[in-house]
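With the sequence shown counted from 1, adding 10 to any position gets you my numbering.
The C-beta atom is built at its ideal place from N, Cα and C for all residues, glycine as well.
All values derive from a computational prediction rather than experimental measurement.
What follows is a short report on a single structure.
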Amino acid sequence: MLQSMTGFGQAIRLMKGYQIQIDIKTVNHRYREIKIKMPREWLALEEKLKTIIQKRIQRGRVEVFMTIELQDSPTEQQAEIDWQLADCYFQAADQLKTRYKLHDSLSLKDLMLIPDLVSLRNKLPDQDELMHQIISDCLEEALHQLIDMRSKEGIHLRNDLIKRVQVMEKLHTQIQSMALTAVEQMRDKLLQRIQEILSDKQLDESRLTMEVALLAERANIDEELTRLLSHFEQCYTLFNQVEPVGRKLDFLIQEMNREVNTIGSKSNFTEITNKVVDLKAELEKIREQVQNIQ
11 MLQSMTGFGQ
21 AIRLMKGYQI
31 QIDIKTVNHR
41 YREIKIKMPR
51 EWLALEEKLK
61 TIIQKRIQRG
71 RVEVFMTIEL
81 QDSPTEQQAE
91 IDWQLADCYF
101 QAADQLKTRY
111 KLHDSLSLKD
121 LMLIPDLVSL
131 RNKLPDQDEL
141 MHQIISDCLE
151 EALHQLIDMR
161 SKEGIHLRND
171 LIKRVQVMEK
181 LHTQIQSMAL
191 TAVEQMRDKL
201 LQRIQEILSD
211 KQLDESRLTM
221 EVALLAERAN
231 IDEELTRLLS
241 HFEQCYTLFN
251 QVEPVGRKLD
261 FLIQEMNREV
271 NTIGSKSNFT
281 EITNKVVDLK
291 AELEKIREQV
301 QNIQ
């Protein structure tokens with residue numbers, strides 16, 4: 011069934027005194043984009059996590075947040091020194107001493123005042139196959155929750171889309187009925203205008219019939235109505251498919267919009283024009299909903 015591109019999932023695992031938490035959320039996106047935020051020391055696991063996500067999610071922007079904290083002593087931290095930054099400061103200090111013939115040198119106190127030279131981070135567990143598997147399992151559970159939410163939202167989207175297509179079908183039936191009497195109305199209007207122009211002069215009935223036939227051919231919307239009906243049937247088929255259909259529905263809506271625009275441009279009757287406006291309004295609502303479908 012249809013699946014929304016919007017959802018959220020969360021999972022927690024406890025291992026070796028550490029708490030592993032993975033939050034994953036998705037929003038609509040034209041393609042699939044995966045962003046993972048995790049401790050820098052665990053970046054080697056990023057591609058494996060992306061592979062797991064790619065097997066379950068085909069479309070949408072995916073954001074993953076992974077944290078690993080020591081559960082028993084959450085305040086236990088370890089210092090991390092940016093050695094590259096320290097070397098840069100020492101090189102700059104040497105250059106200043108040489109240029110201005112100074113004799114001072116950097117002290118430990120001076121170094122500790124340098125912003126971002128020393129940072130504190132939570133102590134992380136040692137990496138091994140078991141920890142990698144625990145993290146993968148944690149991601150799988152978060153994905154399960156996410157997809158469950160996306161599927162439930164997809165049911166609501168499907169029900170709403172079916173109702174809107176049904177509204178369009180009713181409008182289609184009304185336009186089709188109006189089109190049957192359109193030629194006769196066209197003939198009467200054309201006859202009235204010609205009689206007003208000719209006044210008491212005799213009217214060539216055969217010439218009038220030919221002109222009406224030409225106008226009727228130009229204004230004929232049978233093909234557009236037939237194709238539009240076919241598009242409705244394709245919509246129902248896509249609504250019931252298991253694989254992602256968001257892009258197909260988006261393309262189908264473009265085709266439907268093209269047919270509706272053609273009907274509006276061909277028709278010179280106010281009643282049909284009004285129905286075309288209603289069709290376009292429903293199509294726009296459907297287009298907005300389809301943007302959220304995987």
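Per-residue burial, residue i [other beta carbons within 10 Å of its own, 16 or more giving buried]
i, result
"C245", "buried"
"M122", "exposed"
"R50", "exposed"
"N16", "Reading off the sequence shown, one finds Thr at residue 16, where the question assumed Asn. Buried, since its Cβ has 16 or more Cβ neighbours within 10 Å."
"I32", "buried"
"F249", "buried"
"L171", "buried"
"E234", "buried"
"R160", "buried"
"L293", "buried"
"N169", "exposed"
Cβ distance (whole Å) where residue i is taken to contact residue j below 8 Å
i, j, result
"R66", "H39", "Contact doesn't hold; Cβ gap of about 16 Å is too wide."
"V74", "I34", "5 Å"
"G19", "L153", "6 Å"
"I46", "E56", "5 Å"
"V270", "L289", "5 Å"
"Q68", "Q304", "6 Å"
"L167", "S14", "6 Å"
"I144", "I30", "6 Å"
"L127", "L95", "5 Å"
"M178", "F242", "7 Å"
"L116", "Y99", "7 Å"
Inter-residue spacing [alpha-carbon to alpha-carbon] between residue i and residue j
i, j, result
"Q176", "L59", "42 Å"
"I165", "A189", "36 Å"
"S275", "V252", "37 Å"
"N284", "K180", "14 Å"
"E162", "V287", "Rather than Glu, the amino acid found at residue 162 in this sequence is Lys. Spanning the two alpha carbons is a distance of roughly 32 Å."
"A291", "T280", "17 Å"
"N230", "V255", "33 Å"
"Q155", "D147", "13 Å"
"R297", "I282", "22 Å"
"M48", "A54", "10 Å"
"Q184", "T191", "12 Å"
"T36", "Q195", "54 Å"
"N278", "M11", "41 Å"
"I263", "T77", "42 Å"
"S187", "I157", "44 Å"
Short CB-CB distance (under 9 Å) between residue i and chain B
i, result
"E150", "You won't find chain B in this structure, because it holds only one protein chain."
Bridge partners - residue i, DSSP secondary structure assignment
i, result
"R23", "I30"
"S14", "I303"
"V286", "None; V286 has no bridge partner."
"S129", "E90"
> Considering only residues of the segment 60–106, which uninterrupted beta strand (DSSP E) runs meet the minimum length of 3 residues and lie entirely inside it, listed in chain order?
Replying inline: 70–80 and 87–91
> Residue ranges of each beta strand (DSSP E) run of no fewer than 3 residues wholly in the segment 27–63, ordered along the chain?
Replying inline: 28–37 and 42–47
> Which ranges would you report for the beta strand (DSSP E) in the segment 231–257 if only whole runs of at least 3 residues count?
Replying inline: You should have found no qualifying run.
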